[in-house]
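These notes concern the structure reproduced below.
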Amino acid sequence: MQARGFIVGKTAVAPSACASIRTNALAQARAQAVEERRRRPIAVLARALGLTARLEAREAAAESCKPHEQRGITGPHGRLLIPVSPDTPFVASALRAAFQGLGGEAAARQAGLTPAAWLVELAVLVALPGAAEQPPHLDVLPRDALSMATLFLPLQETTAANGATVLYPAPPSEVAARCDWDAMQRGAGGGRTFSADGTDTADDTVGAAEARMRAEFAEDAAASAGLSMPVSSPWTRFSKPALGLGAPLSMALKAGDALWMDYRCFHHGGANRSDELRAVLYATFSEDREEGEGAETMDAEAGHGDHTSFSMAPREQCHCLSKYLGARL
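So the sequence shown is numbered by the numbering used here: it starts at 13 and just counts up by one.
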């Protein structure tokens with residue numbers, strides 16, 4: 013972990029448990045999609061005009077063209093986050109088995125986590141067929157007081173073809189010291205808006221022009237390969253050499269394998285060029301030690317850090333590492 017930014021555990025969880033979690037998550041996504049369609053203005057109007065059957069027939073015809081497991085499931089840029097309750101069947105036991113298979117308490121310590129670390133994210137991430145490759149990124153910018161790590165559990169085999177996660181191995185401490193992250197955070201936030209290439213819409217510098225060229229190249233490559241348009245991201249404005257990234261490593265894993273990743277490890281989702289969904293369960297644990305007058309303070313709000321990709325409802329952020337995964341550090 014301290015040398016590469018991640019640890020891999022093989023066959024830590026029964027594949028049957030992974031299959032059950034996957035089935036339940038996809039069923040939840042389909043049910044949500046049906047409810048959203050029911051609330052669309054066009055659906056409300058169709059019901060008022062007595063045209064519901066015709067609308068449903070048209071939607072059914074469109075859905076019949078999709079692979080069986082994809083029907084009813086959509087997401088922006090070919091990806092979908094399905095929130096998962098900590099009490100969902102099989103989830104806690106599977107994550108606990110995966111965590112212990114990775115080294116348990118020792119793995120947590122390598123990520124700088126204590127028993128007080130909070131579970132702040134829990135979801136199934138789905139990459140749909142045609143999802144484009146993401147830009148290399150960090151979900152949270154490094155800060156001295158923040159420790160965070162994510163436990164990934166692939167729910168079926170992940171390969172380069174279906175968009176396996178790609179990591180850029182490096183010591184997390186070296187990544188933290190590599191750039192002026194505070195300056196980068198200011199440049200990527202502050203309420204400023206970004207265009208599809210990840211650049212500030214008011215930025216006309218040479219660097220912004222280069223970023224636009226990289227984004228246009230990525231969009232052209234995705235279009236020619238029949239993939240969805242890449243997600244808009246401030247990370248697009250930085251080239252791999254500028255970020256100091258080394259050789260990428262595609263994480264080809266089996267269902268039941270596990271990955272424990274420090275938040276300072278650069279990564280990205282690969283392009284899904286297959287006709288199958290790629291689903292991964294992930295749980296993020298975070299701990300923010302506020303620097304004060306001689307004492308550290310920890311609470312659920314501080315532990316949340318500044319992650320913005322997905323956040324559990326506050327009422328569900330009540331599970332700490334020692335309670336949820338049985339860690340005794």
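Beta carbons: idealized from backbone N, C-alpha and C, even for Gly. Being a predicted model, the structure only gives us computed values, none of them experimental.
Rounded separation between residue i and residue j - CA only
i: THR309; j: THR64; result: Low confidence applies here, because THR309 scores a pLDDT of 39, under 50, leaving its location unreliable; read the following figure in that light. Using only the alpha carbons, I get a separation of about 56 Å.
i: PRO246; j: ALA182; result: 22 Å
i: LEU343; j: LEU93; result: Look at the range of the chain in this structure, 13 to 341, and you will see that residue 343 is not part of it.
i: HIS316; j: PRO101; result: With a pLDDT of only 39 at HIS316, under the threshold of 50, the placement of this residue in the model should not be trusted; the figure read from the coordinates follows. If you take the alpha carbons of HIS316 and PRO101, they lie about 25 Å apart.
i: ARG155; j: GLY282; result: 27 Å
i: MET273; j: ASP287; result: 28 Å
i: GLU299; j: LEU125; result: 7 Å
i: PRO27; j: ILE33; result: 10 Å
i: ALA208; j: LYS266; result: Residue confidence for ALA208 is low, a pLDDT of 37 falling below 50, so the modelled location carries little weight and cannot support an answer.
i: HIS280; j: ALA41; result: 23 Å
i: LEU333; j: GLN44; result: 30 Å
i: GLY256; j: THR248; result: 14 Å
i: SER159; j: THR170; result: 27 Å
i: ASP99; j: THR162; result: 18 Å
i: ALA173; j: MET13; result: 26 Å
i: GLU117; j: CYS330; result: 20 Å
i: ALA343; j: LEU140; result: There is no way to answer for residue 343, as the model of the chain reaches only from 13 to 341.
i: LYS335; j: ALA128; result: 9 Å
i: GLY21; j: ALA264; result: 12 Å
i: ALA144; j: LEU289; result: 13 Å
i: GLY113; j: PRO95; result: 24 Å
i: GLY175; j: LEU271; result: 16 Å
Residue i, enclosing alpha helix (DSSP H) - first and last residue
i: PHE111; result: 103-113
i: LEU255; result: 252-255
i: ARG121; result: 117-122
i: LEU333; result: 333-336
Nearest to residue i (by Cα), restricted to the options the options
i: VAL25; options: LEU107, PRO95 and ILE85; result: LEU107
i: TYR294; options: ARG285, PHE278, ALA43 and ASP269; result: ASP269
i: GLN122; options: VAL96, PHE18 and ALA264; result: PHE18
i: PHE250; options: CYS191, LEU265 and ALA259; result: CYS191
i: PRO253; options: PRO148, ARG290 and LEU289; result: PRO148
i: ALA135; options: LEU179, ALA189, THR23 and ASN36; result: ASN36
i: THR177; options: GLU186, VAL138 and SER159; result: VAL138
i: SER262; options: GLU117, SER105 and LEU179; result: LEU179
i: LEU337; options: GLN14, THR162, SER105 and ASP99; result: SER105
i: TRP193; options: ASP151, ALA172, GLY175 and ALA173; result: ASP151
i: ALA15; options: VAL103, SER97, VAL187 and ILE85; result: VAL187
i: CYS30; options: VAL103, VAL96, HIS89 and GLY21; result: VAL103
Range of the contiguous beta strand (DSSP E) that encloses residue i
i: GLU299; result: 290-300
i: LEU163; result: 158-166
i: GLU133; result: 130-139
i: LEU271; result: 270-274
i: HIS279; result: 279-281
i: ARG94; result: The residue you asked about is not Arg; residue 94 is Ile in the sequence shown. From DSSP, the beta strand (DSSP E) with ILE94 extends over 91-95.
i: VAL178; result: 177-179
i: VAL20; result: 18-21
Per DSSP, the bridge partner or partners of residue i
i: ARG190; result: Answer by DSSP bridge pairing: none, since ARG190 is not bridged.
8 Å Cβ cutoff met for residue i and residue j
i: ARG276; j: PRO184; result: yes
i: ALA110; j: LEU38; result: no
i: GLY6; j: ASN284; result: Outside the displayed span of the chain (13 to 341) sits residue 6, for which this structure offers no information.
i: VAL132; j: THR23; result: no
i: GLN168; j: ALA291; result: yes
i: ARG301; j: ALA157; result: yes
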